[in-house]
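Novice: Line by line, the protein sequences give chains A and B. Just so we're aligned, residue 1 is where the first sequence starts under this note's numbering, counting upward by one. Just so we're aligned, residue 1 is where the second sequence starts under this note's numbering, counting upward by one. Ideal placement from N, C-alpha and C gives every residue a C-beta, glycine not left out. As the structure is a prediction and not an experimental result, all values here were calculated from the model. This structure is in structure tokens; I'll ask about it shortly.
There are 2 protein chains.
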Amino acid sequence: MPTYTPPLRDMAFVLHETLAIESSGVPGFEDMTPDFTAAILEEAGKIARDVLAPLNQVGDVEGCVLENGVVRTPTGFKAAFDMVRAGGWTGLDCDPEYGGQGMPYTLGAAVGEMHCAANMAFSMYAGLTHGAYSAIHAHGSEAQKRTYLPKMVSCDWTGTMNLTEPHCGTDLGLLRTKAVPQDDGSYAITGQKIFISAGEHDMAENIIHLVLAKIPGGPDGVKGISLFIVPKFLVHEDGSLGARNPLACGKLEEKMGIHGNATCVMNYDGATGYLIGDAHKGLRAMFTMMNEARIGVGLQGLSQAVIAYQNARDYALDRIQGRAVTGAAAPDKAADPLIVHPDVRRMLMDQKAFIEGGRMFSLWGASLIDAAHHGDAQADGLISLMTPVMKGFLTDKGYEMATQAQQVYGGHGYIEEWGMSQYVRDARIAMIYEGANGVQALDLVGRKLMADGGKPAMAFFEMIKTFIKENEGHEALAKDFLGPLKTASKDLQTAMMFFMQNGMKNPNAALAGSTDFLHLFGHVCLGYCWALMGKTAHAALAAAPSDPDFYENKIRTGRYYMSRLLPETGLRLARIQSGAEPVMDLPAEAF
Amino acid sequence: MPTYTPPLRDMAFVLHETLAIESSGVPGFEDMTPDFTAAILEEAGKIARDVLAPLNQVGDVEGCVLENGVVRTPTGFKAAFDMVRAGGWTGLDCDPEYGGQGMPYTLGAAVGEMHCAANMAFSMYAGLTHGAYSAIHAHGSEAQKRTYLPKMVSCDWTGTMNLTEPHCGTDLGLLRTKAVPQDDGSYAITGQKIFISAGEHDMAENIIHLVLAKIPGGPDGVKGISLFIVPKFLVHEDGSLGARNPLACGKLEEKMGIHGNATCVMNYDGATGYLIGDAHKGLRAMFTMMNEARIGVGLQGLSQAVIAYQNARDYALDRIQGRAVTGAAAPDKAADPLIVHPDVRRMLMDQKAFIEGGRMFSLWGASLIDAAHHGDAQADGLISLMTPVMKGFLTDKGYEMATQAQQVYGGHGYIEEWGMSQYVRDARIAMIYEGANGVQALDLVGRKLMADGGKPAMAFFEMIKTFIKENEGHEALAKDFLGPLKTASKDLQTAMMFFMQNGMKNPNAALAGSTDFLHLFGHVCLGYCWALMGKTAHAALAAAPSDPDFYENKIRTGRYYMSRLLPETGLRLARIQSGAEPVMDLPAEAF
């Protein structure tokens, strides 16, 4: 039976020792003392460990069941959801105006990593609701906010995002769902949406669907898309529930993973919908939700690596098999534990170095969102630039690391009972939804890199350059961390120059290297994070801490990242520099 | 519904145009004219396409069911197995002495790729039987061969390999299954074996289990292991079936994939077994089976990439979404097909370049086995060296490529109905069984590299060097193929030197880089294969062939491999050169 241990010590190291959030000047952070966050994260971690993790396999095995239009979630999900709700966790970083606790998003991200690691399918119900909350909060009318947000903050009502249709996902310009204006100012929504996570279930009184649709006569393509609130049950003025809206779950998809989450085909048959914001401006509102969702999905990728790693590590310490090549490590036993074998260690180190770097990356990114919410334009530019990286890199790597953790188990990893297969299967979707990772790469190279005249990208490089410059007097840091970071950062700049020099003539020259660029960027981000953490650890050690081992091992893990993982930037650059030709050369019919 | 197209043209290109097997001087090959192999492969391909592929999803969804000790295979499996049997496919490359068709193993490998691509779980029943056949053929007594082989060649009786026990897989020295000598010369086998593929099923009259066990009083560890034939039904002298042996399938494992294959817990309760070869020499006999099985598993990895690629390509040509960045490619449609997008092409090119290189690699390897069977010591050394590479590299990459093919489908890839998830899930096991890929890396670096005084490794480098030297006058070949191959091969040699210089002092310095070395080696093998194919294609084009497109596209695909995939060798080398420290530095308790 797999287990989960909340990484509280590591989160404290990132939040307080490295990011020093309480003194970072971001409003809302000043109260987040180490004791305060520790208390909250400890409670959140208990729920993850004791309530959500034990339901993870249950959710996978039972899945959701559709009967007579009603979706039954797996055994225990509803009780757990009630518990999460009762603890106020669903509104942790929501606006107090609507019943939220008003905590920073950064804290929500830390809690999110834990809840998602423990049970990804389960955590999506509240996660999607949060996304829908954000879209209404940012773009809804006052009346809409009063009507829907308090119930969504508490997750008495949950939310969904309805974008995809059978014939279109990425290319939303093609969508066909219609919104016909009614005399009372509402719209009649008709169409079919697919892949709707949490589209129907038995854990909430109401479900608030956010639906993209076209108002007939509007502009063609994405410029004619509007966003609507389409509640499962209509809501009376006094907030009580009214008639059932004509919308239904037509089918549950059989998926590779996240079986505990209901992935619905949703049919809208003249359902009453309410326009959010302006007509034909739906995509902008949807992107409020999407950007937040993308960071959330990046956290999902990371989180599945975390839980998979923890169990692989326990297995490697426990399972005895073979002898260390340098001589028996446990001569009193019939064999040595797996962890003596260098290749097993390599797999675990890959995971550990990715996870700790990725945790720093995601919490740093979350802190930028908080700063941006409080008007920091540079933070806004930076997180906007890094959002596709966070989504694409953390999910690609999360899947790879979950696969590698499964590998540590040998044959047992392939048997469902041991739980490792589920982490791989669950992690797989994170590379696909909220914009497949190729779309993230396109967003990064085709849009974000040159956004605002390239200012955020320049600021990113400047930030790294400054950090290196300010710290290169520190010998150990310079050798183990700053040198490799400099090389990697230079690779990234060279790649950007290549795009600028060649992408103008031939945009394919940039796009052919887009995924490589995203990974190159991701490695530089994690390399930078590791350099920051290395600095923190060195400084802590110099102050003779009570737990020197923690810092020494942090440095060891960081050195592993810098020496064995970061050099991937060179390969990525070489691929980028090979340009469009190898990728575009083959006629379509020759594939 | 996924489909499968036998890659007949490509196989002909490899077998006859590049390997030129019919004139290679290997006995048995001289009759394999292009027409002859084309006729056989076409028939084998039809079975794959029309009989096996349609059952692939059936097998995945239904799985195998254990009821009252009897395992029911999925609907249609038995009829298909009868058809494969009736066509003589199961004995294609078996000894005519026992009813086989006596064809080269190389042809069997080509058929194997197709049958496995179409239905991996199904193809394992005959595949394991073939492995058991080989072990008995090589190590059994005359009487044993007469008794078992004819029925196994025809697959009227199937075979299994029983190595793993709950507490040991890789470390067979720990095994506990006992073989107690009986007065009649047989042994009473008692113990539990796990992960026994095809351990029990309803498609054969009898199942011949090959079981590793210890004879009490024998040497400790792997030196005390013996191999036994333990039939499900005892066989009378006249060949008719006798009493049921006290052995049974106690449980079927719930696995991530290959659901159509019955993975059994096998309980032996004093079952009658017959020693194969000498007592305590079982491991050697088992390795006859294992080495063949490892190449077969490499083919499995390749094959899942093939079927996944074919369907992803079809989807990318058919599905319209978005517009080419360089302007509409299908202006008459609402959007362009996916294949116009550079990043979609990148994914498909990765797959195509791997598949065609991997096909050449596996058929070349198979031809070396044929040569080795006919006494060619150099071929034997070479294939022995490359076996772990073929297993490890082709399965790691096969899984990665299947995952990438799934990615082309976007959200649909995650839905079981589309079939892509199954290829990923099925491919996953190939990285684990028959020696997990980390064990392959250990075998390569710890054993094969220095085997026979390093002669095979030296011969490998010499072969590449000679090829480069002989062809560097060919300008296009030199620029696109030989240059990159030279660089990659040099990386491999540098890595080997690093191991030799550092591995003596500290074996961990070599083992920490073992997986990287395996991948480095795999890339050099595929780079060499691509260079060979590039040469063939250039030569063919010079002779004004009727289908110049085929050769031009072969060169384009090869250039992709050389410019975008082969440079991974540099990264692998950098990791290897980082040595043992980053991998071994962290105390076990700090993970």
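Rounded to the nearest angstrom, what separates residue 137(B) and residue 376(B) at their Cα positions?
Specialist: Distance between the alpha carbons of residue 137(B) and residue 376(B): 20 Å.
Novice: What did DSSP end up calling residue 29(B) once you bin it into helix, strand or coil?
Specialist: Residue state, collapsed to three classes: coil.
Novice: Using the Cα positions of residue 361(A) and residue 528(A), report the straight-line distance between them to the nearest angstrom.
Specialist: Cα-Cα distance, rounded: 9 Å.
Novice: In the stretch 192–223 of chain A, which residues sit with their C-beta less than 7 Å from some C-beta in chain B, listed in chain order?
Specialist: Listed by position, the residues of the stretch 192–223 of chain A near chain B (Cβ gap below 7 Å) are 195.
Novice: Is there a C-beta anywhere in chain A that falls below 8 Å from the one on residue 342(B)?
Specialist: For residue 342(B), the answer is yes, since a Cβ of chain A falls inside 8 Å of its Cβ.
Novice: Would you check if the stretch 208–216 of chain B and the stretch 260–278 of chain B touch, i.e. whether three or more CB-CB distances between them fall below 8 Å?
Specialist: Touching, yes.
Novice: Looking only at DSSP bridge pairs, what is residue 180(A) linked to?
Specialist: According to DSSP, which records beta bridges pairwise, residue 180(A) is partnered with 188(A).
Novice: From which residue to which residue does the beta strand (DSSP E) around residue 13(B) run?
Specialist: Premise fails: residue 13(B) is in no beta strand (DSSP E) and is neither H nor E.
Novice: How should residue 34(A) be labelled, buried or exposed, when 16 other C-beta atoms within 10 angstroms of its C-beta is the threshold for buried?
Specialist: Burial call: exposed.
Novice: Just the chain C side, please: which residues come within less than 8 Å of residue 585(A) by C-beta, in chain order?
Specialist: Looking at the structure shown, chain C is missing, and the protein chains on hand are A and B.
Novice: Could you please tell me which residues of the stretch 412–441 of chain A, in chain order, have their CB closer than 8 Å to any CB of chain B?
Specialist: Cβ contacts with chain B: 413, 414, 415, 416, 417, 421, 424, 425, 428, 429, 431, 432, 433, 436, 437, 438 and 441.
Novice: Determine whether the beta carbon atoms of residue 378(B) and residue 305(B) lie at a separation below 8 Å.
Specialist: No, the pair does not count as a contact, with Cβ atoms beyond the cut-off.
Novice: Just to confirm my understanding: we take residue 271(A), look at its own chain, exclude 5 residues before and 5 after, and list those with CB closer than 6 Å. What are they?
Specialist: Answer for residue 271(A): 189, 230, 245, 246 and 247, listed in chain order.
Novice: Quick one: does residue 626(A) have its CB under 8 Å from some CB of chain B?
Specialist: Residue 626(A) lies beyond the residue range present for chain A, which begins at 1 and ends at 591; the question has no answer from this structure.
Novice: Taking the alpha-carbon of residue 482(B) as reference, which of 394(B), 135(B) and 555(B) has the nearest alpha-carbon?
Specialist: The candidate whose alpha carbon is nearest that of residue 482(B) is 555(B).
Novice: How should residue 193(B) be labelled, buried or exposed, when 16 other C-beta atoms within 10 angstroms of its C-beta is the threshold for buried?
Specialist: It is buried - the Cβ of residue 193(B) has at least 16 other Cβ atoms within 10 Å.
Novice: So which of 495(B), 20(B) and 43(B) has the shortest CA-CA distance to residue 32(B)?
Specialist: Out of 495(B), 20(B) and 43(B), 20(B) has the C-alpha closest to the C-alpha of residue 32(B).
Novice: Does residue 575(A) come within less than 8 Å of chain B when only Cβ atoms are used?
Specialist: Yes, residue 575(A) counts as interfacial toward chain B.
Novice: Mapping the DSSP letters down to three states, classify residue 248(B) as helix, strand or coil.
Specialist: Residue state, collapsed to three classes: strand.
Novice: Please return the same chain residues whose Cβ sits closer than 8 Å to the Cβ of residue 288(A), not counting the five positions on each side in sequence.
Specialist: Correct list, in chain order: 134, 135, 138 and 139.
Novice: From the DSSP output, in three-state form, read off residue 415(A) for me.
Specialist: Three-state DSSP puts residue 415(A) in a strand.
Novice: Using 8 Å as the limit for Cβ to Cβ distance, is residue 549(B) near chain A?
Specialist: With 8 Å as the cut-off, residue 549(B) counts as an interface residue toward chain A.
Novice: In chain order, which alpha helix (DSSP H) runs of at least 4 residues are fully inside the stretch 453–528 of chain A?
Specialist: Complete alpha helix (DSSP H) runs here, min 4: 455–471, 483–503 and 507–511.
Novice: Can you grab the Cα-Cα spacing for the pair residue 385(A) / residue 567(A), in whole Å?
Specialist: About 22 Å.
Novice: Here's the rule: buried if 16 or more other CB atoms are within 10 angstroms of the residue's CB, otherwise exposed. What is residue 104(B)?
Specialist: It counts as buried.
Novice: Taking the C-alpha atoms as reference points, what is the distance between residue 326(B) and residue 53(A)?
Specialist: Taking the straight line from one Cα to the other gives about 48 Å.
Novice: Could you check what DSSP says for residue 429(A) in three-state terms: helix, strand or coil?
Specialist: The answer is helix: DSSP assigns residue 429(A) an H, G or I state.
Novice: Please list the residues of the stretch 311–325 of chain B that have a C-beta atom closer than 7 Å to any C-beta atom in chain A, keeping them in chain order.
Specialist: So the list reads 313, 317, 321, 322 and 325, given in the order they occur along the chain.
Novice: Which bits of chain B does residue 253(A) rub up against, with CB to CB less than 7 Å?
Specialist: 415, listed in chain order.
Novice: Pick helix, strand or coil for residue 437(A), following the three-state DSSP scheme.
Specialist: Here residue 437(A) sits in helix by DSSP.
Novice: Whole angstroms is fine: what's the gap from residue 426(A)'s alpha carbon to residue 589(B)'s?
Specialist: Near 28 Å, if we compare the C-alpha coordinates of residue 589(B) and residue 426(A).
Novice: I'd like to know if residue 407(B) contacts chain A, where contact means its C-beta is closer than 8 Å to some C-beta of that chain.
Specialist: Yes, its Cβ sits closer than 8 Å to a Cβ of chain A.
Novice: Identify the residues that DSSP records as bridge partners of residue 264(B): which are they?
Specialist: For residue 264(B), which the question treats as bridged, DSSP gives the partners 196(B) and 252(B).
Novice: What is the C-beta distance between residue 4(A) and residue 80(A), in whole angstroms, given that I count them as a contact (C-beta under 8 Å)?
Specialist: That pair is no contact at about 14 Å.
Novice: Checking contacts by CB at 8 Å: is residue 63(A) closer than that to chain B?
Specialist: No, no contact with chain B.
Novice: Let me check one thing: in DSSP terms, what residues is residue 157(A) bridge-paired to?
Specialist: For residue 157(A), which the question treats as bridged, DSSP gives the partners 206(A).
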